[in-house]
Structure formats: structure tokens, C-alpha cells
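Worksheet: one structure, shown below.
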Amino acid sequence: MDGPDAGKSDSDRSDRLDALSRRDRDPTTESDGRGQDVGTRPRTRGSDAETIADDGIGRWLLETDTRVGTAIRDIVTIVAIVAISGCLLVGIGGVWPPFVAVESGSMEPNIGQGDLVFIVDEGRFAGDGAVAETSIVTVRRGHDSSYQRFGKSGDVIIFLPNGDPTKTPTIHRAQFRVEEGERWVETKANPAYLNGASCADLASCPAPHDGFITKGDANPAYDQVPWSGANTTVVSAQWVTGKAMVRVPWIGEIRLAADSVRSVVGIGPIIVATVGSVLALIWYGTAAETRDP
Numbered sequence: 001m002d003g004p005d006a007g008k009s010d011s012d013r014s015d016r017l018d019a020l021s022r023r024d025r026d027p028t029t030e031s032d033g034r035g036q037d038v039g040t041r042p043r044t045r046g047s048d049a050e051t052i053a054d055d056g057i058g059r060w061l062l063e064t065d066t067r068v069g070t071a072i073r074d075i076v077t078i079v080a081i082v083a084i085s086g087c088l089l090v091g092i093g094g095v096w097p098p099f100v101a102v103e104s105g106s107m108e109p110n111i112g113q114g115d116l117v118f119i120v121d122e123g124r125f126a127g128d129g130a131v132a133e134t135s136i137v138t139v140r141r142g143h144d145s146s147y148q149r150f151g152k153s154g155d156v157i158i159f160l161p162n163g164d165p166t167k168t169p170t171i172h173r174a175q176f177r178v179e180e181g182e183r184w185v186e187t188k189a190n191p192a193y194l195n196g197a198s199c200a201d202l203a204s205c206p207a208p209h210d211g212f213i214t215k216g217d218a219n220p221a222y223d224q225v226p227w228s229g230a231n232t233t234v235v236s237a238q239w240v241t242g243k244a245m246v247r248v249p250w251i252g253e254i255r256l257a258a259d260s261v262r263s264v265v266g267i268g269p270i271i272v273a274t275v276g277s278v279l280a281l282i283w284y285g286t287a288a289e290t291r292d293p
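Encoded structure:
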């Protein structure tokens, strides 16, 4: 209905519609109750707290593109991959840790110093010709069955010298098995690996118990001959902690370096340094984000 105020009413209604249209296009523009703009809030990237509250931290980590969120997401992803890989390897091998780093060149050229070796429980993946009550194939039996590991006959085993848990485990090849009381130097040993010793010269002959005679591929004599290798008596099956299956060249150097640092500074400072590095990364991401225009 036309009247003296009709034009003014239409004009007010048009102004309100324009204000609402501008507000819809720009969510940062505020207006008063009459549809008039009262100011514009600055755009910020500090609304993550609201997003976390609305979507939850899991969805926020998956979708955020902020530096802090990206850094946290990368760290969580790396930790998850390592954890899943570790669980799979333990499930396959049955031992923890599933890898050993080789500290010496006693198994060269088949296993080199600094190699990382995947190991499995002694009772798994038995080869043809395994010794009774074990899954270990000795060099002697490997020759008969054509069974090889790392370029030669027989299994490469990881064992504790003299069964001492305080000593560094040794990774050497099982040569042959002996029985308690056996004069193995005279019955089974290769004279070339005795350094001229007789049974009377060795504390491990006659054999004090059932077990294995071992030797590093690069060593000149058996480990049971003094000063020629692991310096151990006959290796009991109970001292064997695993069998070597696969090697990864050079990667073990990282593990050896970490062990060297830990032996010097202790485990506590390493944990502090790791946590500090993560916090520094997050702080850097936050600081860089606040500098963004």
C-alpha cells in the first residue's frame, strides 16, 4: 500500500538486505541489530582451539594445515609406523629386539661390521638337517643337506658367551654339535681351526655339557680356542638367543652410534634431549605461525 513513508520503508529494507548479503560474503564482518556494519574482526589463524573443541583432536590432526598440527601429525605418524613395524617383526621372529647391530668384522665378508641383522627365535624356521631338539643347522649338517645362510653352510646364531647375560651377545656360525664328555677336538674338529691346540690344552675339551662349537667366518680358529674369537666354552642351546635371517648393510651404524652416546652420557640425557627436540619443533612451528600475516 502506497503512502508517504512507503519509499523510506523500501529503502530501509533494501539497506538491511545489503548488510545481510555483505555479512554472508564476509563472515568476519559484524553488524548491529539494525543491520549496520560496526567493524571487521582481523582474520587470524588462532582459532584452532575452537576447531579442536568442535571436531576433536583426532580429526583436527588429520585436517589441520598449521605448522604445529603438521609437525605433531608427522611425529605421530612416524611413531605409529615404527610401533606397527616393530609389532610385525616381533610377531614374525618371536624375539625382542628383532634386530642386532654387528660390532665387529668377525663374520666378514658375509656379515659386515655395522650391518643390521634381523633375527628370529631359535625355535623358528628350522632348516633341513636341524640338530635334534633345536632348529639349528650346523655347518656339518648343512653340507649334507645343502642348507646355507649368508653364503655358507649352517645357521648363524646369536649367543651369550659362557651364558653370561652381562656380556655382549656374539653372532657366529654353529660349526657342529658335541655331547657332554666328548673329546671333540679329536672326533670332529678341523685341525686348521685349532691353532695347534690339543684336547688337553682346552678347558672346553672334553665338553662340559651338550652344545655347539662356534666360529666367526673371518676368524682363524674356533671360539672355544682361547684368544681366537668369543672366548667361550661349548655353547649350550640355552645360551642361544636367536638366529640371523636377513642383514641390512651399514644401517647398524646408527644403532652403534646411539649405544656409544648412551654409554657415555647415560639414558637420562638422551630422553631429555629427545623430548626437548620435540618441544622445540612444536615451539618453532607456533612461533613461525604467529609471524604469518
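The sequence shown begins at 1 in the UniProt record's numbering and counts up by one. Think of the CB as a built atom: it goes at the ideal place given N, C-alpha and C, for glycine as much as any other residue. Computed from a predicted structure; not experimentally measured.
- Spatial neighbours of G127 in its own chain (CB-CB distance under 6 angstroms, excluding positions within 5 residues in sequence) are listed in chain order as V137, Y147.
- Between the alpha carbons of G252 and V100 lies a distance of about 8 angstroms.
- Between G142 and S85, the alpha-carbon positions lie close to 32 angstroms from each other.
- The segment 183–200 makes contact with the segment 216–232; the number of CB pairs closer than 8 angstroms reaches 3 or more.
- For P220, the closest alpha carbon among the candidates I75, G69, H172 is that of H172.
- CA-CA distance, T64 to V235, rounds to 57 angstroms.
- Cβ-Cβ distances below 6 angstroms link T134 to A237 in the same chain, with the five nearest sequence neighbours on each side left out; the list follows chain order.
- Beyond the five residues adjoining it in sequence on each side, A189 comes within less than 6 angstroms, by CB distance, of no other residue in the same chain.
- Spatial neighbours of S145 in its own chain (CB-CB distance under 8 angstroms, excluding positions within 5 residues in sequence) are listed in chain order as G127, D128, G129, V137.
- Within 10 angstroms of the beta-carbon of R177 lie 16 or more other beta-carbons, which makes it buried.
- With a cutoff of 7 angstroms on beta-carbon distance, W239 and F159 are scored as near each other.
- Secondary-structure assignment with DSSP links L116 through a beta bridge to A101, V248.
- Straight through space, the alpha carbons of G181 and L88 are spaced by roughly 42 angstroms.
- DSSP, reduced to helix, strand and coil, places S85 within a helical segment of the structure shown.
- Beta-bridge analysis with DSSP links G211 to V178.
- For the set F212, V82, F118, the Cα lying nearest the Cα of K243 is the one of F118.
- Under the three-state reduction of DSSP, T241 is assigned to strand.
- Distance from the CA atom of P109 to the CA atom of D217, rounded to whole angstroms, is 8 angstroms.
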